[in-house]
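*Asks:*
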């Protein structure tokens, strides 16, 4: 496998930084309003940028609506897309004829269980990373995450999967003509000690050797590196080296334009960058915070003015007549006496300056805050708690409305994060040799599968079909009872509907009988029904036979 040219990589890296720079001002402002801990990092470069104080961000944002709405948005995405404690997806065969085979269904159930076991291993950091991804999507509209193999260590001997969310500040990308992720650059900084820990078997880059030769290398001396990942131009499925992987990766030291070690391969793209919303022709997405920047800025300025007005109301500006009686001094301490504050007729010579109307400011500020909360879906989920007197039908209608409003977000999560992530996880399990044994019929189908999402939001997307079927069957049952004619139920294909509804509702395959078992149970039930019918009619048949015998004997 040919080694990539590090100078060309750095040239591409510089171009990717330039391409992304047009978005950074909006992201910096969004961070000030919604994620102050990131604000300083957009103004500086280096590993310590996140550790700087947030005083500058606090001077920008006076209103906390953005910072309060962001955690709620993250919780909404996590609860509806990847809820902890629930199996939020399943797997099924792409071939519809194989979906009805119990052995195939059981295999995909076992595979799903294995995925969830590895995913929620504490060493994998899945929940932490996805939380940070959703946070990044809420503020910036892009949530980079790296999904790779977790090597075995003394503390964690069993290998597995690791999830590492990457700060958008340090991730740059190119997309192809279809808008799909093509090339990723992730920058990071290492000092000498950290380099030795990360690359224990690699030679020290030339630009680091002088620092490494010191008896005590400076811990605050950092060097910039780039993790470069792109499609492998030398891909050869039959090769025994890194060429057998369709994706290649390399580490480059930026200052010296020097490769660190050899290139390596991935079976699939290890970086996933889900986007909240996009504009055609733009590689990067935009976020609820960016869409609400006008409201966030207005709310902050209004809050600033509101605070000033409040201070004036509590400690007002005083107006006094210029009669040289008080010498311009007014004592505002409790119990103080100001001689000359009234004239001989008792009229006040000192009055506070009248301020503005607080009610107007409150109404305007409330409108701006509502706009921000709308962008983060906060008001969408306040409906059910604010109107608990709704009927069940009204609740279902509201749930359907929420599903319709959230379906674009869910669709993007499925297509750019969850679906590619599951494919990546299965590739890693295949590399580790931890996949369950595949049944022969699925081997013939080359293991083709589809993801069935069963999270609350995904279920709400299926709910319209399921509820429509249930309403129709309920109506048919009422008509059958009224007319005493069950033929109305013949219009419904229950044998296909019930298994599909069970899939939508995430019912495990082991809880459902296969077609052969169902057919056997029906045959047994029909035989029992025929036997019961015979037993029921036996006395009448015996009586008829006796009567016929007697009549025959009489002849």
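In our numbering, the protein residues as written are 17 to 571.
Positions of the beta carbon are idealized from the N, C-alpha and C atoms, including for glycine.
Starting from the N-terminal side, write out each stretch of the alpha helix (DSSP H) that is 4 residues or longer and does not extend beyond the region 499–544.
*Replies:* Listed in chain order, the complete alpha helix (DSSP H) runs (minimum 4 residues) inside the region 499–544 are 510–520.
*Asks:* Following the continuous beta strand (DSSP E) through residue 243, name the residue where it begins and the one where it ends.
*Replies:* From DSSP, the beta strand (DSSP E) with residue 243 extends over 239–247.
*Asks:* Comparing alpha-carbon positions, which option in 180, 350, 319 lies nearest residue 380?
*Replies:* Of 180, 350, 319, the residue nearest in Cα terms is 319.
*Asks:* Would you call the region 191–209 and the region 233–247 touching, i.e. three or more CB-CB distances under 8 Å?
*Replies:* Yes, they touch.
*Asks:* Using 8 Å as the threshold, is the C-beta distance between residue 114 and residue 535 below it?
*Replies:* No, they are not a contact pair.
*Asks:* State the DSSP-derived secondary structure class of residue 166, mapped to helix, strand or coil.
*Replies:* If DSSP states are grouped into helix, strand and coil, residue 166 belongs with the strands.
*Asks:* In terms of residue numbering, what span does the alpha helix (DSSP H) encompassing residue 458 cover?
*Replies:* It spans 456–460 - the alpha helix (DSSP H) in which residue 458 sits, taken as one unbroken run.
*Asks:* Here's the rule: buried if 16 or more other CB atoms are within 10 angstroms of the residue's CB, otherwise exposed. What is residue 170?
*Replies:* Exposed, since its Cβ has fewer than 16 Cβ neighbours within 10 Å.
*Asks:* So does the region 209–222 actually touch the region 174–191, counting three or more Cβ pairs closer than 8 Å?
*Replies:* Verdict: no, contact absent.
*Asks:* Would you say the region 270–280 touches the region 187–195, given that touching needs at least three Cβ pairs under 8 Å?
*Replies:* With a cut-off of 8 Å, the region 187–195 and the region 270–280 do not count as touching, because too few Cβ pairs lie within range.
*Asks:* Would residue 88 pass as a contact of residue 510 if the rule is Cβ separation under 8 Å?
*Replies:* Result no, Cβ atoms of residue 88 and residue 510 do not sit closer than 8 Å.
*Asks:* What residues in its chain sit with their C-beta under 7 Å from that of residue 136, if we drop five residues either side in the sequence?
*Replies:* Contacts found: 142.
*Asks:* In three-state DSSP terms, what is residue 205?
*Replies:* Residue 205: strand per DSSP, three-state reduction.
*Asks:* Taking contact to mean at least 3 C-beta pairs separated by less than 8 Å, is the region 462–470 in contact with the region 421–440?
*Replies:* In short, these stretches touch, since the Cβ pair count reaches three.
*Asks:* Helix, strand or coil: how does DSSP classify residue 349 here?
*Replies:* Residue 349 falls in the coil class under three-state DSSP.
*Asks:* Taking the alpha-carbon positions, what's the residue 496 to residue 549 distance?
*Replies:* Between residue 496 and residue 549, the C-alpha separation is close to 24 Å.
*Asks:* Quick one: what's got a C-beta closer than 8 Å to residue 54's C-beta in the same chain, skipping five residues either side?
*Replies:* Result list for residue 54: 47, 66, 155, 183, 185, in chain order.
*Asks:* Can you list the beta strand (DSSP E) stretches of 3 or more residues lying completely in the region 86–169, in chain order?
*Replies:* Segments of the beta strand (DSSP E) lying fully in the region 86–169: 105–109, 161–166.
*Asks:* Looking at the strands, I want to know which residues DSSP matches up with residue 265.
*Replies:* Beta-bridge pairing links residue 265 to 245, 280.
*Asks:* In three-state DSSP terms, what is residue 435?
*Replies:* Three-state result, residue 435: helix.
*Asks:* When you compare the region 119–129 with the region 149–166, are there three or more beta-carbon pairs, one atom per stretch, that lie closer than 8 Å?
*Replies:* Taking 8 Å as the limit for Cβ pairs, the verdict is that the region 149–166 does not touch the region 119–129.
*Asks:* Using beta-carbon positions only, say whether residue 157 and residue 300 come within less than 8 Å of one another.
*Replies:* In this structure, residue 300 lies closer than 8 Å to residue 157 by Cβ.
*Asks:* In chain order, what residues of the same chain have a beta carbon less than 8 Å from the beta carbon of residue 111, not counting five sequence neighbours either side?
*Replies:* Answer for residue 111: 461, 464, listed in chain order.
*Asks:* Three or more beta-carbon pairs under 8 Å between the region 381–390 and the region 314–328, yes or no?
*Replies:* Yes, the region 381–390 is in contact with the region 314–328.
*Asks:* Which runs of the beta strand (DSSP E), 3 residues or longer, sit entirely within the region 288–343?
*Replies:* DSSP runs (the beta strand (DSSP E)) wholly in the region 288–343: 334–336.
*Asks:* What's the gap between the Cα of residue 261 and the Cα of residue 282?
*Replies:* Rounded to the nearest angstrom, the two C-alpha atoms are 5 Å apart.
*Asks:* Taking only three categories from DSSP, how would you classify residue 215?
*Replies:* In this structure, residue 215 counts as coil in the three-state DSSP scheme.
*Asks:* Roughly how many whole angstroms lie between the Cα atoms of residue 221 and residue 41?
*Replies:* The alpha-carbon atoms of residue 221 and residue 41 are separated by roughly 34 Å.
*Asks:* Within 10 angstroms of its Cβ, does residue 208 collect 16 or more other Cβ (buried), or is it exposed?
*Replies:* With 16 or more other Cβ atoms within 10 Å, it is buried.
*Asks:* Just to check my reading of the structure: residue 388 and residue 311 have Cβ atoms closer than 8 Å, yes? What is that Cβ distance to the nearest angstrom?
*Replies:* Correct: roughly 5 Å between the Cβ atoms.
*Asks:* The alpha helix (DSSP H) spanning residue 34 covers which residue range?
*Replies:* Run containing residue 34: 22–50, per the alpha helix (DSSP H) assignment.
*Asks:* Grouping DSSP H, G and I as helix and E and B as strand, with all else coil, what is residue 550?
*Replies:* Residue 550: helix per DSSP, three-state reduction.
*Asks:* So residue 197 packs on residue 287, CB below 8 Å; how close in whole Å?
*Replies:* That belief holds up - the Cβ atoms of residue 197 and residue 287 are roughly 7 Å apart, short of 8 Å.
*Asks:* Can you give me the C-alpha to C-alpha distance between residue 553 and residue 517, rounded to a whole angstrom?
*Replies:* Roughly 40 Å separates the two Cα atoms.
*Asks:* Closer than 6 Å by C-beta to residue 151: which residues in its own chain qualify, once you throw out the five before and the five after it? Chain order, please.
*Replies:* Within the same chain, residue 151 has close Cβ partners 90.
*Asks:* Roughly how many whole angstroms lie between the Cα atoms of residue 309 and residue 39?
*Replies:* Distance between the alpha carbons of residue 309 and residue 39 is about 13 Å.
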